[in-house]
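Chains as they are written, first to last, in my numbering: chain A, 123 to 465; chain B, 445 to 648. Structure first, then comments.
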Amino acid sequence: MRPRLDLFLIRDSLRDCQETTYFSGKLHKFTAQLLDVIEYVLQNEKSLSEDIVRAFASHALGANRYLTGSTTKESPYEIEYCLQSVVPKWSKRDCYITTALTDGRDFHFEPTDPWAFVKTALPGFDTNGFDPLLVQLGVPRVYSHKPLYCIPLYHELGHFVDVSNGVTNLSVLIQAPNSTPEYRHRMEHFADLFAASYIGRCSIRALEIIAPGNQSSATHPATADRVKLVDDFLADRQTGLIPLFQTCLQHLKLPPLQREFDPAPVKTAFDDIRTYPIATTRELHGIFGSAWNYFEDSLDNRSPPWVASAPTDADIERIINDLTEKSIRNASIRERWNSGATP
Amino acid sequence: MALLHKDELQRRLGVTGEESLFIDPLLDQSQIGEVTVDLRLGCDFLVSILTRRPYISTVKADPAFRGIASYFQTTRREFGDSFVLYPNQLALTTTLEFVALPSDVYADVLTRSSYTRLGIHLNTMIQPGYRGCFPIELFNESNNPVELVVGARIFQARLFAGPFKSSYHGATTPRKYLGNVRPTASRAADDPDLDRLARIKEKR
């Protein structure tokens, strides 16, 4: 389609979005600002090159997909809440987690920065300093209420932190990779380590289950190599790429990769089919590893209360995912309740 | 059968084991009243919608049968957001609180009088030993739409202790609503008696 016509369609879609009940005033403002830029581009199209209009339409289309996804009332709100608590440490700019539900099995991160593009390519438009980043994440629809199956989103957030801060790019200047695949592998290793720093070994356990014997490819390292590096990191062994990444983070004045979680002792609560009252932000991330271990143990060993012919494996999966989701939701409710105590 | 009073409710909130009462989140201690526990409106809703079907069938063998969930639309509100319940509208939801009842206690859940006076009626019985967010069937019997705020204290539970010990989640028969954290459409069609009754009808 012609870029101008695309912009008309995106504008209409964003206007529809604005008419739904948004959970987040911040996303509402983001959408309003984006609509202002679209109007500006449509009104000044003759003075802009077609390439600029096309590139902007591409940014707007991507943002539209994730803004729409985050207002479908199907988003994985609980894990979005967990991820949102991570980003302030890794970005000086405001960052809003957005998700689009996909019909496949893939999780993904879609990089975009429309405001950087606007500043560079549309200098006539005044953003008034408005420049938040959208963290655009893709989530399989079937997992939207399955927080334990959404663990790969921490890995995808690692890609966001890498891309938005240029960690792997800096590593290339310090220690040049031998090939393009090696560069791509570094990106995957960084995202793996980032995820492990927040949720521990369950981040890589999911990979062991999904792709146990995968060999190295043009885009991804071999599963065995990824597992080894994460295990080394969690054992505080400074091997492989770990020192290089830590050096890059130091140069970028970012925090080092380190354990950012405490295990959440869920066993007593989950054995009694109760939620676990999460007490700290470190436990908020730690519950993923603890609940994952509990889940695997329940399936494999069928210890009480999971011994009878009922419940089935499907019941166990549903109940443990639900207990995890509700434990996270209750933590978010308590935080919001406390925030309402003062004007 | 004894209605639990405040001292006993608070005692059970503080103990572990079969007598333990668990409510998460209990945002305000004042939710524990003299003989009731105030409960809050949850975030998820299943709203009854009109469809092309003439009626909801509960008999799976009926050619007109469609999954009961297809007569409802899922929606969600954040904590503090509003949900508008229209006259004669049915909406399924849950309490905000996840509750684990003691094995010797069952609960009657009602709307608080402030909401009953708006035409929102409810009367649900929860089994001893239940685990999950209490299922709620909202219905507006007034002439006006009513705004309900997620997180508001709309319900109250009366808890009764009896000389019995129920093993709700240890039962050999699977419990349909064990550990529920969001509303579930009716599973009336899953009642095994309906198959038997259908066979009786065929043999007439």
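Where is the CB? At the ideal position from N, CA and C, for every residue including glycine. Quantities reported herein were computed from a predicted structural model and do not represent experimental measurements.
query, result
"Proximity test, serine 514 of chain B beta-carbon vs the ligand MG heavy atom, cut-off 8 Å", "The ligand MG is absent from the structure shown, which contains no ligand whatsoever."
"Enclosing alpha helix (DSSP H) for tyrosine 276 of chain A [first to last residue]", "274-287"
"Beta-bridge partners of histidine 230 of chain A, as assigned by DSSP", "A:Gly260"
"Where the beta strand (DSSP E) through phenylalanine 367 of chain A begins and ends", "Counting along the chain, phenylalanine 367 of chain A falls outside any beta strand (DSSP E), though it belongs to the alpha helix (DSSP H) covering 364-373."
"Whole-number beta carbon distance between cysteine 487 of chain B and threonine 539 of chain B, since they are thought to touch under 8 Å", "That pair is no contact at about 11 Å."
"Euclidean distance between Cα positions of glutamine 368 of chain A and serine 293 of chain A", "10 Å"
"Alpha helix (DSSP H) runs wholly inside the segment 178-251 of chain A, at least 4 long, in chain order", "199-206, 236-243"
"C-alpha distance - serine 412 of chain A paired with glutamine 517 of chain B, whole-angstrom precision", "34 Å"
"Beta-carbon spacing of serine 586 of chain B, leucine 554 of chain B below 9 Å", "no"
"Under 8 Å from the C-beta of alanine 544 of chain B: neighbouring residues of chain A", "Asp394, Ile395, Arg396"
"According to DSSP, residues forming a beta bridge with tyrosine 550 of chain B", "B:Phe604"
"Which of helix, strand or coil DSSP assigns to isoleucine 598 of chain B", "strand"
"Isoleucine 364 of chain A versus histidine 267 of chain A - alpha carbon distance", "33 Å"
"Given threonine 390 of chain A as reference, the closest of B:Ile476, B:Gly461, B:Ala605 once Cα atoms are compared", "B:Gly461"
"Every unbroken alpha helix (DSSP H) within the segment 390-434 of chain A, with a cutoff of 4 residues, ordered by chain", "403-423"
"Contact belief for isoleucine 395 of chain A with alanine 601 of chain B at Cβ below 8 Å, rounded distance in angstroms", "Contact doesn't hold; Cβ gap of about 18 Å is too wide."
"Contact residues within the segment 416-448 of chain A, judged by C-beta distance below 8 Å to chain B", "Pro427, Ala430, Ser431, Ala432, Pro433, Thr434, Asp437, Arg440, Ile441, Asp444, Leu445, Glu447, Lys448"
"Beta-carbon proximity check, leucine 622 of chain B vs arginine 575 of chain B, cutoff 9 Å", "yes"
"The segment 279-294 of chain A touching the segment 369-388 of chain A, judged by at least three CB pairs closer than 8 Å", "yes"
"Check whether arginine 521 of chain B and alanine 596 of chain B have beta carbons under 9 Å apart", "no"
"Delimiting residues of the beta strand (DSSP E) encompassing glycine 576 of chain B", "575-583"
"Proximity test, Cβ basis, 9 Å: isoleucine 455 of chain A and chain B", "yes"
"Classification of tyrosine 276 of chain A by the beta-carbon crowding that lies within 10 angstroms, buried from 16 upward", "buried"
"Chain-ordered chain B contacts of arginine 458 of chain A [CB-CB under 8 Å]", "Phe523, Gly524"
"Residue ranges of each beta strand (DSSP E) within the segment 484-509 of chain B, 3 or longer", "488-492"
"Distance CB(leucine 582 of chain B)-CB(serine 526 of chain B) smaller than 9 Å", "no"
"Test: asparagine 291 of chain A CB closer than 9 Å to a CB of chain B", "no"
"DSSP three-state assignment for glutamate 478 of chain B, whether helix, strand or coil", "coil"
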